[in-house]
Amino acid sequence: MDKFAELKYMSGFGNEFSSEDPRCPGALPEGQNSPQICPYGLYAEQLSGSAFTCPRSTNRRSWLYRILPSVCHKPFQPVHQGYLTHSWDEAEPEPNQLRWKPFEIPKATQRKLDFVTGLHTVCGAGEPRSREGLAIHIFTCNNSMINRCFYNSDGDFLIVPQQGKLLITTEFGKLMVEPNEICVIQQGMRFSVEVFGETRGYILEIYGGHFELPDLGPIGANGLANPRDFLVPVAWYEDRQVAEGYTVVNKYQGKLFTAQQSSSPFNVVAWHGNYAPYKYQSQQFHGPQFCGFRPCGSFYFHCPDGKVNSSWSGGC
Numbered sequence: 001m002d003k004f005a006e007l008k009y010m011s012g013f014g015n016e017f018s019s020e021d022p023r024c025p026g027a028l029p030e031g032q033n034s035p036q037i038c039p040y041g042l043y044a045e046q047l048s049g050s051a052f053t054c055p056r057s058t059n060r061r062s063w064l065y066r067i068l069p070s071v072c073h074k075p076f077q078p079v080h081q082g083y084l085t086h087s088w089d090e091a092e093p094e095p096n097q098l099r100w101k102p103f104e105i106p107k108a109t110q111r112k113l114d115f116v117t118g119l120h121t122v123c124g125a126g127e128p129r130s131r132e133g134l135a136i137h138i139f140t141c142n143n144s145m146i147n148r149c150f151y152n153s154d155g156d157f158l159i160v161p162q163q164g165k166l167l168i169t170t171e172f173g174k175l176m177v178e179p180n181e182i183c184v185i186q187q188g189m190r191f192s193v194e195v196f197g198e199t200r201g202y203i204l205e206i207y208g209g210h211f212e213l214p215d216l217g218p219i220g221a222n223g224l225a226n227p228r229d230f231l232v233p234v235a236w237y238e239d240r241q242v243a244e245g246y247t248v249v250n251k252y253q254g255k256l257f258t259a260q261q262s263s264s265p266f267n268v269v270a271w272h273g274n275y276a277p278y279k280y281q282s283q284q285f286h287g288p289q290f291c292g293f294r295p296c297g298s299f300y301f302h303c304p305d306g307k308v309n310s311s312w313s314g315g316c
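The sequence shown lines up with residues 1 to 316 when you count with UniProt numbering.
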């Protein structure tokens, strides 16, 4: 595990980042996004996280320079949903207070579960096709995703490991996410999860918009989640052919689909933009009581609104 401590990151929230794998210096084109011939013969692709005509302040996109185009795969085919759902009327209404015990993690000798096959939907609201709402999932896994990746066409995943570490390989680079850390994989980003034993955690999925830092209001200029504490991976790639086939799993309009391709999708040599996965260490959070903020008025006698302890807000 020591080698994972050497993973490098860039800091900032919503910044314009740029990164290239040191094995291919000069892979980022200079002065243009999509030259007729990219350095090293790479393919230029733009991944959009917003409408391209939206205001500059809310425009989210990144340019990726990869060995093979991401469309080099066979047609997608529907697969079994497992315990995922977006049909909230399947269960009878329950007005009583409920609490859940921790989901049991099966032993690997009994049943092998990776991040995708171990997803369980707990609750939600709205509908991914209308781009409004959210879902809450639990993941339990005891096996790494081997020659498999996943991407969500419905929205963003906020991943919170509760037990065990996650080594998440994305098209943008690698993230090591441990308990007390939070990771966001945004819509359309392919990723694969490696685990190191029995692992469990939570996922908040939002269908509309992306996570944003809330305004600070009377707290002032500093506090809560500081932008510089968010970490974004640096470029990393593998040029690997997979003779037995590489499986791409896509969640689209609440359903799962798979497609086969002959190589690893993590072949992005360089990238730049403001649309990327990121992680955050929850112990970096500074609530009002730690910000030199002295509650006054009703704050002194009553608990403040829960929003004063928000790390992010999300468009649902």
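Every residue gets a Cβ at the ideal spot worked out from N, C-alpha and C, and that includes glycine.
Note that the structure is a prediction, hence the values are computed from the model and not measured.
Top-ranked residue by Cα proximity to residue i, from the options
| i | options | result |
| --- | --- | --- |
| Glu244 | Lys8, Asn222, Val122, Arg148 | Arg148 |
| Lys74 | Gln284, Val249, Trp100 | Val249 |
| Phe17 | Lys279, Val242, Glu127, Tyr275 | Tyr275 |
| Cys38 | Ala270, Gly287, Ser11, Gln283 | Ala270 |
| Ala108 | Ser144, Pro161, Leu98, Phe172 | Ser144 |
| Arg129 | Ser264, Lys279, Ser153 | Ser153 |
| Gln186 | Ser70, Pro95, Arg60 | Arg60 |
| Ile136 | Asn142, Phe150, His120 | His120 |
| Asn15 | Glu212, Cys54, Thr258 | Glu212 |
| Phe115 | Gln46, Gly164, Pro93, Leu134 | Gly164 |
| Val232 | Thr170, His86, Cys141 | Thr170 |
| residue 321 | Lys101, Pro93, Leu84, Cys141 | Here the chain covers residues 1 to 316 and nothing more, so residue 321 does not appear. |
| Asn267 | Glu205, Gln241, Val79 | Gln241 |
| Glu178 | Leu134, Pro214, Ser282, Tyr151 | Ser282 |
| Cys24 | Met10, Gly41, Ser11 | Gly41 |
| Lys101 | Pro95, Pro93, Glu94, Val122 | Val122 |
| Gly273 | Phe172, Pro93, Gly220 | Phe172 |
Residue i to residue j span [Cα, whole Å]
| i | j | result |
| --- | --- | --- |
| Gly197 | Ile138 | 17 Å |
| Tyr207 | Gln253 | 10 Å |
| Phe76 | Leu158 | 25 Å |
| Tyr300 | Ile146 | In this prediction, Tyr300 has a pLDDT of 42, which is less than 50 and means its spatial position is unreliable; what the coordinates show is noted afterwards. Approximately 53 Å, taken between the alpha carbons. |
| Tyr43 | Tyr202 | 35 Å |
| Pro218 | Ala51 | 33 Å |
| Thr199 | Pro265 | 24 Å |
| Cys237 | Arg99 | Here residue 237 is Tyr; the residue named in the question, Cys, does not match the sequence. If you take the alpha carbons of Tyr237 and Arg99, they lie about 43 Å apart. |
| Gln97 | Ala91 | 16 Å |
| Gln162 | Pro35 | 44 Å |
| Asn180 | Arg190 | 23 Å |
| Gly49 | Phe103 | 33 Å |
| Glu20 | Ser192 | 20 Å |
| Asn33 | Pro106 | 47 Å |
| His86 | Lys251 | 11 Å |
| Lys112 | Gly118 | 9 Å |
| Arg223 | Asp215 | According to the sequence as given, residue 223 is Gly; it is not Arg. If you take the alpha carbons of Gly223 and Asp215, they lie about 10 Å apart. |
| Glu6 | Pro22 | 15 Å |
| Tyr151 | Ser70 | 12 Å |
DSSP-derived helix/strand/coil call for residue i
| i | result |
| --- | --- |
| Arg129 | helix |
| Gln281 | strand |
| Arg60 | coil |
| Pro78 | strand |
| Phe4 | helix |
| Glu90 | helix |
| Asp154 | coil |
| Arg228 | helix |
| Gly14 | coil |
| Tyr237 | coil |
| Pro161 | strand |
| Gly41 | helix |
Close Cβ partners of residue i (< 8 Å) along its chain, the five nearest in sequence each way excluded
| i | result |
| --- | --- |
| Gln81 | Lys255, Leu256 |
| Gly226 | Correcting the residue identity first, residue 226 is Asn in this sequence and not Gly. Closer than 8 Å at the Cβ level, and outside the excluded window around Asn226, lie Gln284, His286. |
| Gln260 | His73, Lys74, Gly245, Tyr246, Thr247, Val248 |
| Glu132 | Gly126, Tyr207, Gly208, Cys316 |
| Pro78 | Lys255, Leu256, Phe257 |
Contact set for residue i: own chain, Cβ-Cβ below 7 Å, skip 5 residues either direction
| i | result |
| --- | --- |
| Leu167 | Phe4, Lys174, Met176, Glu194 |
| Trp88 | Gly124, Ala125 |
| Lys8 | Val234 |
| Val160 | Ile182, Gly201, Tyr202 |
| Thr58 | Ser50 |
| Asp239 | Ile67, Asn267 |
| Gly292 | Note on Gly292: pLDDT 48, under 50, position unreliable in the model; the coordinate value appears next. No residues qualify anywhere along the chain. |
| Arg228 | Ser11, Gly12 |
Beta-carbon proximity list for residue i, same chain, < 6 Å, skipping 5 on both sides
| i | result |
| --- | --- |
| Arg56 | none |
| Phe230 | Phe13, Tyr278, Tyr280 |
| Gly155 | Gln187, Glu205, Ile206, Tyr207 |
| Met10 | Phe17, Val232 |
| Gln46 | Arg61, Trp63 |
Beta carbon proximity, residue i to chain C, threshold 8 Å
| i | result |
| --- | --- |
| Val193 | In the displayed structure, chain C is absent; only one protein chain is listed. |
The ligand SAM heavy atom lying under 7 Å from the CB of residue i
| i | result |
| --- | --- |
| Gln36 | Of ligands this structure carries none, so the ligand SAM is not represented either. |
- Taking three-plus beta-carbon pairs below 8 Å as touching, is the segment 28-42 in contact with the segment 61-71? yes
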